[in-house]
Amino acid sequence: MPGTPETTPAARQVSDAPSPRRLLSSEKVYEGRIWDVVSDTFQLQDSGDALTRDYIDHPGAVAVLPMNEQGEILLLKQYRHPVGMDLWEVPAGLLDVEGEDFVVGAARELAEEADLAAATWNVLADVFNSPGSSSEAIRIYLARDLTEVPHAERHERTDEEAEIEFHWISLDEAVASVLAGRLHNPSAVVGILAAAAARVDGYARLRPADAAWPAHPSQR
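Residue 87 in full-length UniProt numbering sits at position 87 of the sequence shown, and the numbers go up by one each step.
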């Protein structure tokens, strides 16, 4: 059919894959409080011209979509200064504890930001937040069988986190909010849509919490 791309065996399964290129030099050009900016010079092909790209060198992050027994999900409202907006998000945080297991980090963020613990964990999605400008890899979990963290053990939230507000919302309403352009946080948007897709078969095809994460920089 005219204008239809050819289908090859490799194209039938769409899967991102590592693609090592010849690195000529790498320099840290900015050292920040949380992440650095790196300038890499590399070649796409052995005989190709040298290219230079600056990007954020990021430790990665985890995000959690908490779901209660009624199938509602928890969203948190938090101020984000770079965009100057209050955003409805899901609990999330940096993987900045060296050697910490990914799901342990996710459980820590769930407790610190939402005062919740979960007995059932699955992977919803793995994403790069902005692969053209950052190495940040994010793993988004679905957390179920929730219980509240005892008051005496709750994390004291400060700065922007001190203003966090909670709101339980049905998954269908959350999907509608995404499609209507009312939600913008990438972890929330991806997590909500992934959960809606996974709900079709009762979340049976979701990966276990300890599934391999080869896209994370620490695993490559």
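The C-beta atom is built at its ideal place from N, Cα and C for all residues, glycine as well.
What do you reckon, are the CB atoms on Leu87 and Phe166 nearer than 8 Å?
The criterion of a C-beta distance shorter than 8 Å is not satisfied by Leu87 and Phe166.
Check whether the segment 28 to 48 and the segment 145 to 155 are in contact - that is, three or more C-beta pairs closer than 8 Å.
The segment 28 to 48 is not in contact with the segment 145 to 155.
Rounded to the nearest angstrom, what separates Ala119 and Ile192 at their Cα positions?
Near 20 Å, if we compare the C-alpha coordinates of Ile192 and Ala119.
Does DSSP classify Ile73 as helix, strand or coil?
DSSP, read as helix, strand or coil, puts Ile73 in strand.
First and last residue of the beta strand (DSSP E) that includes Arg172?
For the record, residue 172 in the displayed sequence is Asp; it is not Arg. Membership of Asp172 in any beta strand (DSSP E) is not indicated; the residue belongs instead to the alpha helix (DSSP H) covering 171 to 179.
Would you mind working out which of Ser19, Ser135, Phe42, Pro59 sits nearest Leu51, comparing C-alpha positions?
Looking at the Cα atoms, Phe42 is the closest of the given residues.
Residue ranges of each beta strand (DSSP E) run of no fewer than 3 residues wholly in the UniProt domain "Nudix hydrolase" (57 to 196), ordered along the chain?
Listed in chain order, the complete beta strand (DSSP E) runs (minimum 3 residues) inside the UniProt domain "Nudix hydrolase" (57 to 196) are 61 to 66, 72 to 80, 85 to 89, 92 to 94, 116 to 128, 137 to 148, 165 to 170.
Is Gln43 near the ligand MN, judged by its Cβ being under 7 Å from some heavy atom?
The ligand MN is absent from the structure shown, which contains no ligands of any kind.
Quick test of the definition: if touching needs 3 or more C-beta pairs under 8 Å, does the segment 127 to 144 touch the segment 163 to 181?
Counting Cβ pairs under 8 Å, fewer than three are found: no touch.
Go to Asp40, then tell me how far its beta strand (DSSP E) extends in each direction, as first and last residue.
Its beta strand (DSSP E) spans residues 36 to 43.
For Val175, which residues of its own chain have a beta-carbon under 8 Å away from its beta-carbon, when the five flanking residues on both sides are left out?
Around Val175: Ile192, Leu193, Ala196.
Three-state secondary structure (DSSP) of residue 223:
The chain is shown from 1 up to 220; residue 223 falls before or after that span and cannot be answered.
Once the 5 residues before and after Ser134 are set aside, which same chain residues still bring their CB inside 7 Å of it?
The residues are Tyr55, Ile56, His58.
May I ask you to list the residues that DSSP assigns as paired with Ser25?
DSSP output for Ser25 lists Thr41 as bridge partner(s).
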